[in-house]
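Beneath this line is the structure, given in structure tokens, with notes to follow.
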Amino acid sequence: MENTLFTKYLLKNPSVMIFLGLLALFTVFVVIMAEGFGIGLISTSFVKTLGKTLCLCMIAIAMDLVWGFCGILSLGHFAFFALGGYMIGMWLMFARTKMIVLDAAQNVALPMTNAEINDAVGTQIFGVVGGAEIPMIWAFADQFWVQLAFVVLVPGVLALVFGWLAFRSRVNGVYLSILTQAMTLALALYLFQNDSGLRGNNGLSGLQNIPGFDDVPQSLISIWFFIASAAVLAIIYVVAYGVVSSKLGNIIRGIRDNEARVRFLGYNVESYKLFVFVLTAIIAAVAGALYYPQAGIINPAELAPIASIYLAVWVAIGGRGRLYGAVIGAAFVSLLSSYFTGGQAPDIPFGFATLRWTEWWLVLLGFSFVAVTLYAPKGIGGLIDHLSRKGNSS
Amino acid sequence: MTRPLFLCFLVFLFSSFQAAMASPEFEELLARNAKLIHKSSSKTVDPVLADIQEFGGQAAAEFMETWKDKKLYYVKKTGQFVLAEPAGKNDAGKKMVSVIDAISKQPLGQMVAKSVKQIKPNSGVRAKIATTLVPIQLTSDDIEVRRGGLDAMSRDIQPGHLLPLQRAIEAETDPDLKSRMEQVYVYAAIAHGTDAGEVEAAILSLRDNLSLETRAALNPLLTSQVKVAVELPGDVNIARIITPGVSVKKSDGTSGSVMLMSGATPELDQTAAYQMLVDAGFAAETISSDKRNESLIEFAENGRIGDIPLSTLNTEEARDTAYDWLVLNRGLPPRVADDEMRSAIAAHVFYGVYDHPSPDVTSAASDVLAGINNKVMVYKLMDLALDGLSLASIYFLAAIGLAITFGVMRVINMAHGEFIMMGAYTGYVIQLIVPSYTISIMLAIPAAFGVTFLAGVLMERLVIRHLYKRPLETLLATFGISIALQQIAKNIFGTQARPLTSPSWLDGAFVVNDVLAISNIRIAIFCLGLLFLGLMLYVMTRTRFGLETRAVTQNPAMAASMGINPDRINMLTFGFGSGIAGIAGVAIGLFSKVTSELGSDYIVQSFMTVVVGGVGNIWGTLAGAAMIGSLQKGIEWFNPSNTLAAQTYMIIFIILFIQFRPRGIIALKGRAAED
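Protein chains in written order, with this note's numbering: chain A, 16 to 409; chain B, 1130 to 1804.
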């Protein structure tokens, strides 16, 4: 029954079908080509890069929902992304360190007491910031399901509190952007402290090692995460599409276009904005929780305010107000960025000087961003719209 | 005892003409010690130095000076001490030296260089010579030598210095130097005095003296040792009674309570206190958990203690039970129960004893120190206030340009920070060309204004003009420019920090006392902030340009119909705001290194300054900067080691503040407030 319902839904919304189809094709292609599973044309590290890119696409969808559809230019979504990463990272790091400690203690005559195990784990994890005690916030780090719940709960509650405060006092527009940026900066500065309980600027590391799967090679784990990322992206896309194509979506768009008018129509604008803000924060957090095990390390530099602005850049280049635009923008710009800054791009020699992409890529990105804002405010998505409309009419 | 006194008498009597006189006695003394001087080591040199010091006098001082400075030679054959100067080569092509006697200063003619040998004392010996030299220097005729000797002495006061210093004070004629000598004598008396009355008087004379030296001199008097006894002894200088787990040691050696001093940890916890009892022989040794675990492993038979397998001992309770079995069956010493520990601790008294035996001295020291600390606290508060003020002026400088572009024109310019950076780099480039720091700074300010003004105008013409209706997109476009400019700066100037050196007249500080000193650069930045405030107020309210700017921002159409060209005004206003950012960049570059990230360090704070203060109002920016600056320093006061936390809490405070005054401290009212 459900199956048919879903097929009907897909038939009614061809863009979702196209997106999911392409995503599935891409996933199958990568898995077959990957080093760990199939032919081996795609290296493990590139599989990880692609998996991370899919996670960036998720947060881009979140950004598109909150900015492109609801008109809130949040410069703080990378904070939620990183928080999600931190929450899952705590479990990864704690559980793995504990396994190592227990392994090392196997041949000791007296079995360790719980306190001793905790001491040893604490020394292992926090020795680098000059501590040995496990902070309060790690109380549940041992339990996977609790930390998984925290992935959603912690950023969700932060978004709820912050959003409630901000929307309640009708901070909007540019002010809200600056306020979200301030929130991100505050969080980053807090995490940079050594006594924040999250290892200061060392961040959490070794996250690519999944506790309990020590025997599984990274090449295989990378594929698992890639598939998981693709699946979650598909779910998020469908959910986001559901939101924007419903009546709720209309109200949200109405808020973007004329907030006062929607308010006068009797809608509680603040609640709608809060709903979108929290929902997107949770999407961002889930994306982060999938991203950082593939990246292997998370530190406070990840949530510097500039990261969130880049997010806005991706969405703007991809095309606001179109979910696939956000996905295209994030994938396109982030992959291009890693290509150019990774030193793989060939330098272009001029007679008098050489253009090194590692040096000039950001300059090009910056100016192309200005160009997109000025001349193509709808981004790549707008271009696709334009082309497909042409195709329809002919 | 009579001999040194007599010699000192001689020193005073003959010090004026002793230099010219060769003293046979001194020569004899040196001849006796020649071997030890030729090859000295810091272990063997002490008696020689003592001898020379005892002898004293100008000749001895000069001799030690030359010795210390490695200018002393000796003739290999005779062992005579000489001074040697290179004197060319003789006919046979051998290097020659001209030699004079080191003591009598009589020329001894020329010698082959190889027949004399330089004496090279190592650094340890030289330090010892310097210490010995000090009292002798104090009796020198030359005031500079006396002054140098006093300086050397005040750095490292020895007990043997007290007497010579006292004599030097009596003999000193220069009033300035005399009072300095008396000052040093006070510290010397505190450190090494043997008469409690004298020490106490010396301490009391330091009342109200805020110098670091004073605090460094008084603090060692208040060191104490923790002891334990059955009853409090009556014959020692007791600093405090310690209640283990409760009392806290205060800096003057007395005790306080944990309740009253939040964040302090008790001086002595129960375990440490009990360990003290054990060490003093007042209580039976405890079985520490480590020791218990070792015994468990040691006495295990076939992996079992009695009938308990070792592998089940994964809780403290189980281990204790197993150990108790060992106590019963293998005769190990029993564990000490917590109750016993507590009662043993309660039955004894723990106390701190001052190292200094005299209660008068320690109480005087703690009184004087408490008074000084109170004063220091007041000055530190003043210092904090000034710190806040200077931070506020920096934020104000960084934000004042934004107060125009964002505050008045409502253009959100994320590249504002990069304009600050451009200004700083302009200053750096000008310093490369113009070597004089004063002139280069004078040139840099208008140049930075010019460069950033042009950049601002260009940006307004090319980008911002098209986006006046879309403020959020201005944010993104200017952000694009920001990352491009940052990267360009990185490509041109590299990633390492470039110095922007302030002229020397800005280097010093206005010193009030050892606690409170205001660096000139802080004063200069404060003045620059004031200057900017005046300039902005003047331009915006008293000039035609300001009037037109306000008109255009309030209602461009109406302004245009009054004959104002809104395009031109927008362009100039934006350029003006950007130019101010450039000047701020020069000022900021003077105290922090110039990097391509200079601007982004300030951008968020700048926006918050404008938003908190109230958009569209220069007074608001001032209020915002004052609030953010003083707040940040105020929070730092509570946790000085952690400026990151201070910034975090400040931002959180600002977020909350915006809740209550969404339009900032000074909110516009009426029509102008409408977006």
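Note that beta-carbon positions come from the ideal geometry of N, C-alpha and C, so glycine has one too.
Helix, strand or coil: which one does DSSP assign to residue 1240 of chain B? Translated into the one-based positions of the second sequence, residue 1240 of chain B becomes position 111. The answer is strand: DSSP assigns residue 1240 of chain B an E or B state.
Can residue 1581 of chain B and residue 1538 of chain B be called in contact, C-beta distance under 9 Å? By 1-based counting over the second sequence, the position of residue 1581 of chain B is 452. By 1-based counting over the second sequence, the position of residue 1538 of chain B is 409. Result no, Cβ atoms of residue 1581 of chain B and residue 1538 of chain B do not sit closer than 9 Å.
If I follow the unbroken beta strand (DSSP E) through residue 1225 of chain B, where does it start and stop? As a first step, residue 1225 of chain B is located in the second sequence; it is residue number 96 there, counting from the start. Run containing residue 1225 of chain B: 1224-1230, per the beta strand (DSSP E) assignment.
What residues from chain A crowd round residue 1247 of chain B, counting only those whose CB sits closer than 8 Å? Counted from its first residue, the second sequence places residue 1247 of chain B at position 118. Within chain A, no residue comes near residue 1247 of chain B; the closest Cβ sits about 51 Å away, beyond 8 Å.
CB contact below 9 Å: residue 1445 of chain B versus chain A: Position 316 of the second sequence holds residue 1445 of chain B. True, the Cβ-Cβ gap to chain A drops below 9 Å.
Tell me which residues share the same chain as residue 1577 of chain B and place their Cβ nearer than 7 Å to its Cβ, disregarding the 5 neighbours each side in the sequence. Counting from one through the second sequence, the residue named residue 1577 of chain B turns up at place 448. Result list for residue 1577 of chain B: 1552, 1555, 1556, 1711, 1712, 1714, 1715, in chain order.
Would you say residue 1754 of chain B reaches chain A, if we count a Cβ-Cβ gap shorter than 9 Å as a contact? Indexing the second sequence from 1 puts residue 1754 of chain B at position 625. Output row for residue 1754 of chain B: interface = no.
Take residue 218 of chain A as the anchor and find which of A:113, A:100, A:305, A:276 has the nearest alpha-carbon. As a working mapping, residue 218 of chain A is identified with position 203 in the first sequence. Checked all of A:113, A:100, A:305, A:276; the closest Cα to residue 218 of chain A is A:100.
Quick check for students: name the residue ranges of the alpha helix (DSSP H) that lie wholly in the region 261-307 of chain A, counting only runs of 4 or more. 262-272, 274-279
Would residue 1532 of chain B pass as an interface residue toward chain A - the criterion being a Cβ-Cβ separation below 9 Å? Position 403 of the second sequence, counted from the start, is the residue given in the question as residue 1532 of chain B. False, the Cβ-Cβ gap to chain A never drops below 9 Å.
Name the chain B residues that come within less than 7 Å of residue 320 of chain A, Cβ to Cβ? Against the first sequence, residue 320 of chain A aligns to sequence position 305. Near residue 320 of chain A (Cβ distances below 7 Å), the residues of chain B are 1733.
Tell me which residues of the region 1767-1778 of chain B have at least one Cβ-Cβ distance to chain A shorter than 7 Å, keeping chain order. 1771, 1773, 1774, 1776, 1777
Residue 1783 of chain B versus chain A: which residues are under 8 Å apart at the beta carbon? What you label residue 1783 of chain B is simply residue 654 of the second sequence in a count that begins at 1. What residue 1783 of chain B touches in chain A: 197.
Euclidean distance between Cα positions of residue 1357 of chain B and residue 1480 of chain B: Here the question's residue 1357 of chain B lines up with position 228 in the second sequence. Here the question's residue 1480 of chain B lines up with position 351 in the second sequence. Spanning the two alpha carbons is a distance of roughly 6 Å.
Does DSSP classify residue 394 of chain A as helix, strand or coil? Along the first sequence, read from residue 1 onward, the residue named residue 394 of chain A stands at position 379. If DSSP states are grouped into helix, strand and coil, residue 394 of chain A belongs with the helices.
Check the DSSP bridge columns for residue 369 of chain A and list the partner residues they point to. Counting from 1 along the first sequence, the entry for residue 369 of chain A is found at position 354. BP columns for residue 369 of chain A point to A:364.
May I ask you to list the residues that DSSP assigns as paired with residue 219 of chain A? Looking up residue 219 of chain A in the first sequence gives position 204. A:313.
Tell me whether residue 1140 of chain B is buried or exposed, calling it buried when 16 or more other Cβ atoms sit within 10 Å of its Cβ. Taking the second sequence and counting its residues from 1, one reaches residue 1140 of chain B at position 11. In this predicted model, residue 1140 of chain B has a pLDDT of only 45, less than 50, meaning its place in the structure is not dependable; the value taken from the coordinates is given anyway. Buried.
If you reduce the DSSP assignment to three classes, tell me which class residue 1433 of chain B lands in. In the second sequence, counting from the first residue as 1, residue 1433 of chain B sits at position 304. Strand.
Pick from B:1768, B:1374, B:1424, B:1722: whose alpha carbon is nearest that of residue 1402 of chain B? Translated into positions along the second sequence, residue 1402 of chain B becomes position 273. Of the listed residues, the one whose Cα sits closest to residue 1402 of chain B is B:1374.
Counting along the chain, where does the beta strand (DSSP E) carrying residue 1376 of chain B start and finish? Counting from 1 along the second sequence, the entry for residue 1376 of chain B is found at position 247. Element bounds for residue 1376 of chain B: 1376-1378.
So, does the CB of residue 1441 of chain B fall closer than 9 Å to a CB anywhere in chain A? The count along the second sequence starts at 1 and reaches residue 1441 of chain B at position 312. It does: the Cβ of residue 1441 of chain B has a partner Cβ on chain A nearer than 9 Å.
Residue 1609 of chain B - containing alpha helix (DSSP H), residue span: Stepping through the second sequence from its first residue, residue 1609 of chain B is reached at position 480. Taken as a continuous stretch (DSSP letters only), the alpha helix (DSSP H) holding residue 1609 of chain B covers 1600-1622.
Do residue 126 of chain A and residue 1347 of chain B have their CB atoms nearer than 9 Å? Here residue 126 of chain A corresponds to residue number 111 of the first sequence, with the count starting at 1. Here residue 1347 of chain B corresponds to residue number 218 of the second sequence, with the count starting at 1. For residue 126 of chain A and residue 1347 of chain B, no; Cβs fall outside 9 Å.
Out of curiosity, what's the CA-to-CA distance linking residue 1169 of chain B and residue 1229 of chain B? As a first step, residue 1169 of chain B is located in the second sequence; it is residue number 40 there, counting from the start. As a first step, residue 1229 of chain B is located in the second sequence; it is residue number 100 there, counting from the start. In a straight line, the C-alpha of residue 1169 of chain B is about 22 Å away from that of residue 1229 of chain B.
Residue 1150 of chain B by DSSP, collapsed to three states: which one? To locate residue 1150 of chain B, count along the second sequence from 1; it is residue 21. At residue 1150 of chain B, the pLDDT of 49 sits below 50, so the modelled position is not reliable; the number obtained from the coordinates is stated separately. Residue state, collapsed to three classes: coil.
I'd like the list of long-range same chain contacts for residue 1500 of chain B, defined as Cβ closer than 8 Å, with 5 residues on each side in sequence excluded. Start at 1 with the first residue of the second sequence, and residue 1500 of chain B comes out as number 371. Same-chain partners within the cutoff: 1336, 1337.
Would you say the region 160-180 of chain A touches the region 1755-1768 of chain B, given that touching needs at least three Cβ pairs under 8 Å? no
Residue 1078 of chain B versus chain A: which residues are under 8 Å apart at the beta carbon? Past the boundaries of the shown model lies residue 1078 of chain B; chain B is included only from 1130 to 1804, so the question cannot be answered.
At 9 Å on the CB atoms, spell out the chain A contacts of residue 1456 of chain B, in chain order. For this step, residue 1456 of chain B is matched to residue 327 along the second sequence. Correct list: empty, because the minimum Cβ distance to chain A is about 18 Å.
Which of helix, strand or coil DSSP assigns to residue 1215 of chain B: Within the second sequence, residue 1215 of chain B is the residue found at index 86, counting from 1. If DSSP states are grouped into helix, strand and coil, residue 1215 of chain B belongs with the strands.
Specify, as a first and last residue, the run of the alpha helix (DSSP H) that residue 352 of chain A falls within. For this step, residue 352 of chain A is matched to residue 337 along the first sequence. 338-356 is the extent of the alpha helix (DSSP H) around residue 352 of chain A.
Measuring CB atoms only, is the region 245-260 of chain A touching the region 64-84 of chain A, in the sense that at least three cross pairs come out at less than 8 Å? yes
Can you find a CB in chain B that lies within less than 9 Å of the CB of residue 157 of chain A? The count along the first sequence starts at 1 and reaches residue 157 of chain A at position 142. So no, residue 157 of chain A is outside the interface.
Any chance the region 1474-1488 of chain B sits against the region 1405-1412 of chain B, with 3 or more Cβ pairs inside 8 Å? yes
Under the DSSP definition of a beta bridge, which residues are partnered with residue 1385 of chain B? Along the second sequence, read from residue 1 onward, the residue named residue 1385 of chain B stands at position 256. B:1377, per the DSSP bridge assignment.
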